[in-house]
Every structure is written in structure tokens, then in C-alpha cells.
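Just below is one structure, and these are the notes that go with it.
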Amino acid sequence: MIDIQLLRKDPDAVARRLATRGAGAFDLDRYLELEARRKELQSSVEQAQAARNRLAKEIGQAKAKKQDAGPLLAQAEQSKAELEESEKDLAFLQSELEDFLRRVPNLPHESVPVGASPEENREERRWGEPRKFGFAVKDHVDVGAGLGGIDFETAAKLSGSRFVVMKGALARLHRAIVQFMLDLHAREHGYTEVYVPYMVSGACADGVSSLAKFKDDLFKLEGRDLYLIPTAEYPVTNFVREEILASERLPLKYVCHSPCFRSEAGSAGKDTRGMIRNHQFDKVELVQIVHPEKSYQVLEELTSHAETVLKRLELPYRVVSLCTGDIGFSSAKTYDLEVWLPSQSAYREISSCSNFEAFQARRMQARWRNEKGKPEPVHTLNGSGLAVGRTLVAVLENFQEADGSVTIPGTLRPYLGGQGKIDRP
RNA sequence: GGAGAGAUGGCAGAGUGGUCGAAUGCGGCAGACUCGAAAUCUGUUGUACCCAUCGGGUACCGGGGGUUCGAAUCCCUCUCUCUCCGCCA
26 MIDIQLLRKD PDAVARRLAT RGAGAFDLDR YLELEARRKE LQSSVEQAQA
76 ARNRLAKEIG QAKAKKQDAG PLLAQAEQSK AELEESEKDL AFLQSELEDF
126 LRRVPNLPHE SVPVGASPEE NREERRWGEP RKFGFAVKDH VDVGAGLGGI
176 DFETAAKLSG SRFVVMKGAL ARLHRAIVQF MLDLHAREHG YTEVYVPYMV
226 SGACADGVSS LAKFKDDLFK LEGRDLYLIP TAEYPVTNFV REEILASERL
276 PLKYVCHSPC FRSEAGSAGK DTRGMIRNHQ FDKVELVQIV HPEKSYQVLE
326 ELTSHAETVL KRLELPYRVV SLCTGDIGFS SAKTYDLEVW LPSQSAYREI
376 SSCSNFEAFQ ARRMQARWRN EKGKPEPVHT LNGSGLAVGR TLVAVLENFQ
426 EADGSVTIPG TLRPYLGGQG KIDRP
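Just so we're aligned: the first sequence equals residues 26 to 450 in the working numbering.
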């Protein structure tokens, strides 16, 4: 949630900043109306409650002194129904306001480029030189099929479209990529490796994003309040939900490998071929819980941790700062890492690194105790480090050879028993 | 899946209808004593919200609902934890 104090103090400024995300991000008039009604009703309810409490106390005292409490009792009974009525009204109004506020996206950071669509994202830097191929490049589907290791027909038979079966050397390569990423972040970047549930409650889902707005993107378990995680961010960030952390426990740095499940409800016809956009894919996720004043420095660090994966794998990429119209619901600022895919002659997203500031922390009630001993929301960040399926795609495409084999990047070879190349079976 | 027990503040643990936001102990913080520390003593120590200048008020004893003038305390329900039985990778 956005900062309610800020919203009360200067609703116009909040509305102006949210407008940079696009029309309809925030209905200022609706907010002002709800808030005005809430204030008035809450004051009157609390005054009535105070009167009731006073009266109840007097009745208790009268009874203790064996005095006649009859008149007081009659008086109390009389005002009861009226109070109950307005308490109900207030509860309804408060939940209405809460629902409204939970649907409001985060305020973009001032450094985020203002723009309506991905075309207005800002390229920050490039790394690596796309390789010149002396032959016609194949995409990862054809490379994988040629090696007999990627099988979409079997996957479709089992589960429909947007799933994959991997076999043999390619299944091993997939696993090697996971191991390499986990080891890199745990050993060199100081993250603690964690294993987590792949299903979380609706409350956890609403802690990191808006369940009301995005439930169609998730797979839900029939008849239960459980959702398959679309990213390890969901369980891992919620580690600190409803906690008040001692200052010295920060920062918390977690790295987590998990499968991710996405319905891809709005993606009909998009990236239908191959492993780019599947219902199930693996990802190694980086999550940090930090002091508020450190979060922008940490965003740069976390992004560089994800970049290190691409550098070690010798995959050319660029870093893009998403514009106000393209950043996610909860994010204040996001860098996308885009890897070079020769078959598309384009950079494609392989990681997304975001600072959510206190937005998720307020939704989750995740706080730390500041120097004055007061609880205040932590800042949360996460980034893919990286999406495993897309990394496999990038390796297959960038390291393919004219004879159909694939050279294995040096950094992965220790994870494959020293194997330097994947050949036709 | 069946039977039983339980869930109270940072932790332990009392409290079975009225002055309980909650005893007591531990821990934390501040002070006294000390050259300093330990020990001891004294004080203090939950969260959110509302109105307001000081200050006052409301809510919260696992979640939700109910009974009552009044609920940590009584009733219903859900969740979780523990013990025993069954099943099982």
C-alpha cells in the first residue's frame, strides 16, 4: 500500500504521481469521499463507545457497592442498538476504504522515466558483443529438437500448450544452470539459500501484489485458499510478514530456486513457440529486506548480482530502466535485464529487479525497530537471478554451432562433469 | 483420517464476567551505587487508529461470529500447535 499519511497530507500530489502510470491508476474523488465519510463516522462511533464503557464501569461499581444499578442498566440498554448500527456502518466503510487502497499501485520513484509504453523504457547500459554467426542460426526449439532433448509434443500430451519436457543432456544442463546460479549468489554474493512452499495463502499473495487485481494470473487450488506461486518472491518476501525486526537483523538476503506457475491469461498468441513463456518454469530469485535508507543502493547491487550471472555465462545483455507506464503494480523502480537472442535479433527479458520501497511491507505489516525504538516499514526488493528456462534458451541459441551441437560455457562445465559440448545423441 | 489438550505482551507464565491493556518472573532501556564491570536497588518497557496545543479517546489476550449494560474470561466456528492411534514418501 502507498503511505496513508502521505495520501492524507497531500492527496493531489499522490494523484499526480500515480497519473504517470496511466489513466485509471487512482480515483482521487472516490478516495476523498470515502475518507471524509470514514473520519466523521469513526469519531462519532468512538465517542459513543467511550460513553458505553463509562456506563458499564459505573454499573460494575454500583453493583460492587450493592447499590441499585437499575436506572444505569436501562440507560445502557437504550443506546446499545444505536451503537451497534453505527459500528457496523463503520466496519463496512473501513473495509471499503481498505479494498480501495489495496488496489492503488505504488508511487514511481522520481528517477523512473515517465512514459506510457515499453518503447519509452530507458536503456542504461549494454554488455557483451552479439556473436557473428557464419551460418543460419536456429532458434532454441530447433536446436533442442536437433539434440533430442526438448520435447513439446510430449508436454502437450501431458498438460497442453505452454509446457515443456526436457531429456538427457538438456535436462542436466537446465539443472546445472540452477546449481551455478545458487552457488554464485550464496557463496559470492552473500545470500542465504532457502527452500519454500510452492503454494501460498491469499493473504501472502496480497502481501506482495494485489490479489483482487491479479488473481486471474495465478493458478488457484480448487476449494482452498492456496495459490501456486508465480515466483519465489511470494513465499520468500512473506517471511517477514507481521514481524517487527531488530535493526541489526537487516539486511536479510535470500536466494531461492523454485518452479513458477503462471496462467498467462492475457498472453494469448504471445511467444507461443518454445520455452519463452510457459505456464511452468524455474527461476532463481533474489530477495532482500533492508533499511529504508539503503534500498536504492541495494537495488543497484542486486541488479549487478543478476548481471554477474550473464557475464559469467558470456551472454550479451542490456539493462533497461522501465518507464512509469511499464513498471509493475508494487514496484517503485524496476530494471529489466534483457539477454541477446540471435534467432530474434533482439534483447529479451531474462530478469526483473525491483525496489518496492515500503509498499509491500505495509501490505504485509513487515517492520523494523528504528533508532527511536519505533516500528517502521522495511523496504523490500527482489530480482530474478535469473529465469532458468530463458537462460537455457539463451545458452542454446548463443552457443549453437554449425553442426547442430552446443558449446557449454566454461562456468557451467564443472556442473556437468567437465563436459564441454552437447552433441547429437 | 480418529481421540484428546492447548493458543495471553520480546520470552516464560497467571488471570474463568466488572476498577484487566492485563499479575509475576526473565529479557530490554534509563538511573543510583562503582575507577569500571558484575551483583543489588529504583524507574521504565506492546501495536494500530481517532480527535486535539498540553492532553484525551477507541480497538486489539490465535482469526471470525454470538451472548451480555459490560468478555482475555461464557457459546459457536475456523486456523494453527502439541500428545496418542491409524495411514504414508
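A virtual CB, placed ideally from N, CA and C, is assigned to each residue, including glycine.
Other residues of its chain near residue i: CB distance less than 6 Å, five sequence neighbours each side excluded
i	result
residue 16	Residue 16 cannot be examined here, being either before or after the span of the chain that is shown, 26 to 450.
residue 201	437, 440, 441
residue 270	393
residue 432	424, 446
Helix, strand or coil at residue i according to DSSP, with G and I counted as helix
i	result
residue 448	coil
residue 348	coil
residue 91	coil
residue 47	coil
residue 431	strand
residue 85	helix
residue 112	helix
Residue i versus residue j: straight-line alpha-carbon distance, rounded
i	j	result
residue 386	residue 312	13 Å
residue 419	residue 146	22 Å
residue 220	residue 67	44 Å
residue 440	residue 446	13 Å
residue 437	residue 237	41 Å
residue 65	residue 75	16 Å
residue 73	residue 377	51 Å
residue 354	residue 161	40 Å
residue 327	residue 266	21 Å
residue 134	residue 357	5 Å
residue 245	residue 288	10 Å
residue 95	residue 102	11 Å
residue 61	residue 119	12 Å
residue 381	residue 137	13 Å
residue 203	residue 302	18 Å
residue 30	residue 314	22 Å
Proximity of residue i and residue j at Cβ, strictly below 8 Å
i	j	result
residue 257	residue 182	no
residue 174	residue 192	yes
residue 53	residue 80	no
residue 216	residue 129	no
residue 349	residue 379	no
residue 210	residue 404	no
residue 230	residue 259	yes
residue 400	residue 392	yes
residue 132	residue 275	no
residue 290	residue 241	yes
Close-in-space but distant-in-sequence residues of the same chain around residue i (CB under 7 Å, 5 per side omitted)
i	result
residue 70	111, 112, 115
residue 121	59
residue 154	341
residue 261	219, 221, 279, 281, 310, 312
Cutoff 8 Å; reference residue i; Cβ partners in own chain excluding five residues on either side
i	result
residue 375	335, 342, 362, 363, 364, 409, 411, 412, 415, 416, 419
Check: residue i C-beta below 7 Å from any heavy atom of the ligand MG
i	result
residue 277	The ligand MG is absent from the structure shown, which contains no ligands of any kind.
What are the uninterrupted segments assigned as alpha helix (DSSP H) that are 4 or more residues long and contained completely in the segment 168-241, given in chain order?
177-184, 193-208, 227-233, 236-239
Ranges of the alpha helix (DSSP H) found wholly within the segment 345-398, counting only runs of at least 4:
384-389
Taking only runs of the beta strand (DSSP E) that begin and end inside the segment 249-336, which ones reach a length of at least 3 residues, in chain order?
277-286, 305-315
Contained beta strand (DSSP E) runs [length at least 3] in the segment 117-167, N- to C-terminal order:
147-152
Contiguous beta strand (DSSP E) assignments of at least 3 residues, all confined to the segment 400-432
400-402, 404-412
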